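Those protein sequences? They're chains A and B, same order as listed. Position in the first sequence (first residue = 1) + 2 = our numbering. Position in the second sequence (first residue = 1) + 809 = our numbering.
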Amino acid sequence: MERLLQLLHEDARRTPAQLAALLGDSEADVRSRIAKYEADGVIRGYQALVNTDLVEEDAVRAVIELRIAPTREEGFDKISNRIGRFSQVESMFLMSGGYDLLLFVKGRNLQEVAKFVSSRLATMDGVLSTATHFMLKTYKDQGVLMENFDDDDRLKVSP
Amino acid sequence: MTTGSKSLRDFISPTVRDLPRSGIRDFFDIVATRDDVISLGIGEPDFTTPWHIREKAIYSLERGATHYTSNLGLAALRRAICAYVASSYKGLAYDWRNEVLVTVGVSEALDAVLRAIIVPGDEIVYHEPCFVAYPSEIKLAGGVPVPVPTRAEDGFRLTREALEAAVTPRTKALLVNFPCNPTGAVLDVATARMIADFVTEHDILLISDEVYSELTYDVERVSPMTIPGIRDRAVFLSGFSKAWAMTGFRLGFVCAPRELVEAAMKIHQYAIMCAPTVCQHAAVEALENGAADTQAMLDSYHARRNFISDAFARMDIPCVRPQGAFYAFPSIVSTGLSSYDFAMGLLDEEAVACVPGNAFGACGEGFVRCSYATGMGQLEEAMARFARFVGRHRK
């Protein structure tokens, strides 16, 4: 991955001026490269990484394994596009192995997620089976440990 | 307590009694009393040791690897060190069986080597500003430290003229440290050749402390060790503290021809026995699987180097662009303050700690050392405060 993308991936709040200083490039150059990444869809958005365990919210999250039947010509894409449009689906991946799609789904409570699975997903043409696992605690997300054990305990001055 | 007519002080060897405390130590005691400080005074990575290396240490304990190793170090580690040195230094070859010694940090490595070669009165030439331990380690080994100043106007590079002015019939070795703590200077090919020629022509040893060598920016790493013919009169020192962020593991190594390693090993054997076994297992993991971590840390230091270099340029503070290690060594003469007064003033007025340049040798006066192994947010704030301070005090 290009260095500019790496730096933004680490911390998306870095300003073009900061990025320019870190890269040793001009600010104008950094701005135009970011604009091009956005236009090309390489950068798809900027979000805060929230530890939802520490936030009061009426939400449960589940991981759902789906086995689906591919269709002629479109393969897995047609049904995947239908499923991905549901707002309950936060992330979705085509997988190798024992099932085909892995969904990260959010709902207000257990019943709502269960209902979404039983009424929307399981009944869809081409969906062969579902297996739902509710998430209990987030230890690490997007490469970030939710509890940081690595406090800076260095001496304040050292040779 | 007194014992008869002598005070305890009378029992202490004059060599040790007269040894100055590290200048950094004094400054540390002052900074330690403040808890609101952003410190640019830290000579170690801000990264914690990569997890897979720590996990390997834990695993070695679980397996019960709690015994002595060979005096020279674990065979697996010595083999890994030889493979690393050969691949990183253009085929520089050492025999893992008798040309490698694993030590407790590079400091112990240097101590063992100096004690192995110095006859009292022998002179060791080294360049200043330098790592704070060099002159004291030389004195403790019975030698005479002979500093050669390097100058900002030369990019803190060594010159043949300066070396020739320092060499005498008592000179035993030249000690060099590039990339350099505290200046961030690296070697170019011409200087590396000059160093090799100099030690060969004067028939002295070369000791090359390259603990920062993985942390080189913009340019390819250049080492005097790769100049043909130098290996057989040279001692290569490196360690795991900087590139693998393993300072607390205290692990370094010596690579040298058999006779020299054998001699240093005798001292290591009687003083230390062997480097801690758990740390040696961790170091094998670092060498075998740590390259990606080193690269990620290097990228991060590189970005921060760009930032700090740019920040000093913006405030019109002259600073030789550091190309190695993680230190910048700006000149603060435009403030009219001494290094010490500048560092104390910056601490008092802006709560930023840096190290007075003269802690690294007399010719470091007029400079301060700023470590950029500090979180980016803190570094930005520290540079804003530094600029404010300079603005107030500039003559």
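Using N, Cα and C, we set each Cβ at its ideal position, and we do this for glycine too. Bear in mind the structure is a predicted one, so any value in this text is a computation, not a measurement.
Option nearest residue i by Cα separation, candidates the options
| i | options | result |
| --- | --- | --- |
| TYR1136 of chain B | B:ASN1115, B:ASP1150 and B:SER1143 | B:ASN1115 |
| HIS1090 of chain B | B:ILE890, B:GLY832, B:ALA1120 and B:GLU932 | B:ILE890 |
| ARG16 of chain A | B:ARG1201, B:GLY1186 and B:ARG1197 | B:GLY1186 |
| VAL913 of chain B | B:GLN1104, B:PHE1198, B:ILE1076 and B:GLU1097 | B:ILE1076 |
| THR23 of chain A | B:ASP1119, B:THR1035, B:ALA1072 and B:ARG906 | One detail in the question is off: residue 23 of chain A reads as Ala in this sequence, not Thr. Ranking the options by Cα distance to ALA23 of chain A, first place goes to B:ASP1119. |
| ARG1040 of chain B | B:LEU1069, B:ALA961 and B:GLU1029 | B:LEU1069 |
| VAL1044 of chain B | B:TYR868, B:ILE821, B:ALA925 and B:SER816 | B:ALA925 |
| ARG979 of chain B | B:ASP963, B:THR992 and B:ILE1013 | B:ILE1013 |
| TRP1053 of chain B | B:GLU1023, B:THR1035, B:ALA1080 and B:LEU1188 | B:GLU1023 |
| ALA1168 of chain B | B:THR992, B:ASP845 and B:SER869 | B:THR992 |
| TRP860 of chain B | B:MET1055, B:THR824, B:ARG830 and B:LEU972 | B:MET1055 |
| ARG1178 of chain B | B:TYR868, B:ALA1193 and B:TYR1149 | B:TYR1149 |
| THR1035 of chain B | B:ILE927, B:GLY873, B:SER897 and B:HIS1202 | B:SER897 |
| ASP1006 of chain B | B:GLY1200, B:GLY1038, B:SER1017 and B:ALA961 | B:GLY1038 |
| GLY1175 of chain B | B:LEU923, B:SER1143 and B:PRO1033 | B:SER1143 |
| GLU1190 of chain B | B:ILE1117, B:ALA942 and B:ARG1203 | B:ILE1117 |
| GLY1061 of chain B | B:ARG1042, B:ARG1067, B:THR1086 and B:TYR1079 | B:THR1086 |
| GLU917 of chain B | B:ALA971, B:PRO938 and B:VAL1020 | B:VAL1020 |
| GLU1 of chain A | A:LEU104, A:GLU58 and A:ASN53 | Because residue 1 of chain A is not part of the residues shown, which for chain A are 3 to 161, the question remains open. |
| LEU147 of chain A | A:LEU51, A:VAL32, A:ARG33 and A:ALA14 | A:LEU51 |
| ILE839 of chain B | B:ILE1141, B:PRO1165, B:ALA1196 and B:PHE1195 | B:PRO1165 |
| MET137 of chain A | A:SER121, A:THR125, A:PHE106 and A:GLY145 | A:PHE106 |
Neighbourhood of residue i by C-beta distance below 6 angstroms, restricted to the same chain and skipping five residues each side
| i | result |
| --- | --- |
| SER848 of chain B | ALA1162 |
| CYS1083 of chain B | TYR877, THR878 and ASN880 |
| TYR39 of chain A | ILE45 |
| ALA921 of chain B | ALA1073, ILE1076 and HIS1077 |
Those residues which DSSP pairs with residue i across a bridge
| i | result |
| --- | --- |
| PHE78 of chain A | According to DSSP, PHE78 of chain A bridges with nothing at all. |
| ILE1016 of chain B | B:LEU984 and B:VAL1044 |
| PHE1062 of chain B | B:VAL911 and B:SER1047 |
| VAL65 of chain A | A:PHE106 and A:HIS135 |
| ILE70 of chain A | A:VAL129 |
| THR1025 of chain B | B:GLY1133 |
| LYS38 of chain A | Partner(s): none; LYS38 of chain A has no beta bridge. |
| ILE847 of chain B | B:VAL1161 |
| LYS1075 of chain B | Per DSSP, none; premise fails for LYS1075 of chain B. |
Contacting residues, own chain, Cβ-Cβ under 8 angstroms from residue i (five flanking each side not counted)
| i | result |
| --- | --- |
| GLY1057 of chain B | THR858 |
| TYR1110 of chain B | LEU1024, TYR1026, PHE1135, TYR1181 and ALA1182 |
| THR1009 of chain B | GLY1038, ILE1039 and ARG1042 |
Proximal residues to residue i (C-beta, below 7 angstroms), its chain only, five neighbours per side dropped
| i | result |
| --- | --- |
| GLY852 of chain B | ASN990 and SER1180 |
| ASP69 of chain A | For the sequence presented, residue 69 of chain A should be read as Arg rather than Asp. Answer for ARG69 of chain A: TYR101, ASP102, LEU130 and SER131, listed in chain order. |
| ARG966 of chain B | THR959, ALA994 and THR1000 |
| ASP143 of chain A | LEU51 |
| VAL119 of chain A | ILE66, THR132 and THR134 |
Any C-beta of chain E under 8 angstroms from that of residue i
| i | result |
| --- | --- |
| PRO18 of chain A | You won't find chain E in this structure, because its protein chains are A and B. |
- Is there contact between the stretch 32-49 of chain A and the stretch 7-21 of chain A, where contact requires at least three CB pairs shorter than 8 angstroms? Cβ pair count under 8 angstroms is three or more, so yes.
- Every unbroken alpha helix (DSSP H) within the stretch 85-149 of chain A, with a cutoff of 4 residues, ordered by chain: Fully enclosed alpha helix (DSSP H) runs of 4 or longer: 112-117.
- Is the number of C-beta pairs between the stretch 928-945 of chain B and the stretch 897-914 of chain B that are closer than 8 angstroms three or more? With the cut-off at 8 angstroms, the stretch 928-945 of chain B and the stretch 897-914 of chain B do not touch.
- Query: Given 8 angstroms as the limit, is there contact between the stretch 882-898 of chain B and the stretch 853-870 of chain B, that is, 3 or more CB pairs closer than that?
  - Reply: No, they do not touch.
- Run through the stretch 890-975 of chain B for me and flag every whole alpha helix (DSSP H) of 4 or more residues, listed as ranges in chain order. The DSSP assignment places complete alpha helix (DSSP H) segments of no fewer than 4 residues inside the stretch 890-975 of chain B at 914-926, 943-949 and 969-975, in order along the chain.
- Message: Is it the case that the stretch 1088-1103 of chain B contacts the stretch 1152-1162 of chain B, given that we only count it when at least three CB pairs across the two stretches are under 8 angstroms?
- Response: Flag = no, the stretch 1152-1162 of chain B and the stretch 1088-1103 of chain B do not touch.
- Query: Is the number of C-beta pairs between the stretch 1183-1199 of chain B and the stretch 1124-1140 of chain B that are closer than 8 angstroms three or more?
  - Reply: Enough Cβ pairs lie closer than 8 angstroms, so yes.
- Pick out the complete alpha helix (DSSP H) segments inside the stretch 1137-1179 of chain B, 4 residues or longer, and give them in chain order. Segments of the alpha helix (DSSP H) lying fully in the stretch 1137-1179 of chain B: 1148-1159.
- Query: On the three-pair Cβ rule with 8 angstroms, is the stretch 1096-1116 of chain B touching the stretch 950-959 of chain B?
  - Reply: Touching, no.
- Task: Decide yes or no for the touch test of the stretch 147-161 of chain A against the stretch 62-79 of chain A: beta carbon pairs closer than 8 angstroms, at least 3 of them.
- Result: When Cβ pairs closer than 8 angstroms are counted between the two stretches, the stretch 147-161 of chain A is seen not to touch the stretch 62-79 of chain A, the count staying below three.
- Three-pair Cβ contact test at 8 angstroms for the stretch 49-66 of chain A versus the stretch 104-121 of chain A: Judged by Cβ distances under 8 angstroms, the stretch 49-66 of chain A makes contact with the stretch 104-121 of chain A, as three or more pairs qualify.
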